[in-house]
Amino acid sequence: MSAAYTATEMMTVAAARQLSSRDVCFVGIGAPSAACNLARLTHAPGLTLIYESGTIGTRPDVLPLSIGDGELCETARTTVPVPEMFGYWLQGGRISVGFLGAAQIDRFANINTTVIGAYATPRVRLPGGGGAPEISAFCHRVFVIARQTARSFVTKVDFITSFGFGEGGDHRRRLGMATAGPTLVATDLCLMRPEEGTRELVVASIHPGVTREQIVAATGWPIRFAAHVAETAPPTAEELAVLRDMHARTARAHGTAPG
0 MSAAYTATEM MTVAAARQLS SRDVCFVGIG APSAACNLAR LTHAPGLTLI
50 YESGTIGTRP DVLPLSIGDG ELCETARTTV PVPEMFGYWL QGGRISVGFL
100 GAAQIDRFAN INTTVIGAYA TPRVRLPGGG GAPEISAFCH RVFVIARQTA
150 RSFVTKVDFI TSFGFGEGGD HRRRLGMATA GPTLVATDLC LMRPEEGTRE
200 LVVASIHPGV TREQIVAATG WPIRFAAHVA ETAPPTAEEL AVLRDMHART
250 ARAHGTAPG
């Protein structure tokens, strides 16, 4: 039996478990980076991590602050120019998984990291897409990790930064996208996957202690549940120990550890 854990730890562990040593993964900063490095340090030691700055096969000891963090280049097998990263590795179809975060995500897994509100007069200006639009288009699969609230899980995003399934159905195919798109959304409440045919996100697994009512309340559209909904396995003692140690090392390295 695992020790007590937080909802964020459950989300990170559940997302990490989706990766394997066979994957080549384009990693976003923040929660995606935590999940990917947890996978590398536990069940997927052969996982190849790629960051947008051009670092390939990086094995950071602490989580990077940004794609320009020296920790990434220092621990990478090689570092290539950004145009090569996108033109040869990403657009060449050599990356199996793109792992992204989201400020907003809608029922067809379109992601917004650009603005909240109207584009010309936004209520909030967000960091923008960086390489995420290309990641969502050219990686074979896309995983998304985000805390679930009705403000962030919306019927329709205010701006499509990274294309998921557009209006649903065969929209990706009609635009000439041959990749699978978002196949998983991991939140602090559940795991969602796109429904066959409609491509609308439905709940596939519920984390321990979470109710369907909580998920409904934290979703901005009438969320539906798969015919057979699993219960997510809780974090193991090893997963929690590795994750917490990684965060503790990161806090010490960045000068944010309590003391």
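Using numbering that gives the first Met the number 0, the first residue of the sequence shown is number 0, and each one after it goes up by one. Backbone N, C-alpha and C define an ideal beta-carbon position, used for all residues, glycine too.
Below 8 Å, too few C-beta pairs join the segment 66-84 and the segment 112-122 to call them touching: fewer than three. Put simply, the backbone Cα of proline 31 is about 15 Å away from that of leucine 190. In this structure, isoleucine 55 keeps its C-beta atom at 8 Å or more from the C-beta atom of valine 184. Per DSSP, reduced to three states, the secondary structure at methionine 176 is coil, with no helix or strand assignment. The Cβ atoms of threonine 178 and phenylalanine 224 do not sit closer than 8 Å to each other.
Shown here, glycine 86 sits in a helix according to DSSP, grouped into three states. Within the segment 30-54, the complete beta strand (DSSP E) segments of 3 residues or longer fall at 47-49, listed in chain order.
Taking a 10 Å sphere around the C-beta of aspartate 169, we find fewer than 16 other C-beta atoms and assign the residue as exposed. Spatial neighbours of valine 228 in its own chain (CB-CB distance under 7 Å, excluding positions within 5 residues in sequence) are listed in chain order as Val202, Ala203, Ser204, Ile205. In this structure phenylalanine 152 does not touch threonine 210 by the C-beta definition: roughly 16 Å separates them, more than the 8 Å allowed. Where leucine 239 is concerned, the enclosing alpha helix (DSSP H) starts and stops at 236-252.
Rounded to the nearest whole angstrom, the C-alpha separation of tryptophan 88 and glutamine 17 is 22 Å. Collapsing the DSSP output to three states places histidine 170 in a helix. The criterion of a C-beta distance shorter than 8 Å is not satisfied by leucine 46 and threonine 11.
Rounded to the nearest angstrom, the Cβ distance from threonine 255 to leucine 62 is 11 Å, too far for a contact under 8 Å. For valine 215, the enclosing alpha helix (DSSP H) starts and ends at 211-216.
Residue pairing for glycine 116: DSSP places it in a beta bridge opposite Pro121. The criterion of a C-beta distance shorter than 8 Å is not satisfied by leucine 242 and isoleucine 214. Residue range 131-137 is occupied by the alpha helix (DSSP H) that includes isoleucine 134. Annotated as proximal: phenylalanine 164 and glycine 180, with beta-carbon spacing under 8 Å.
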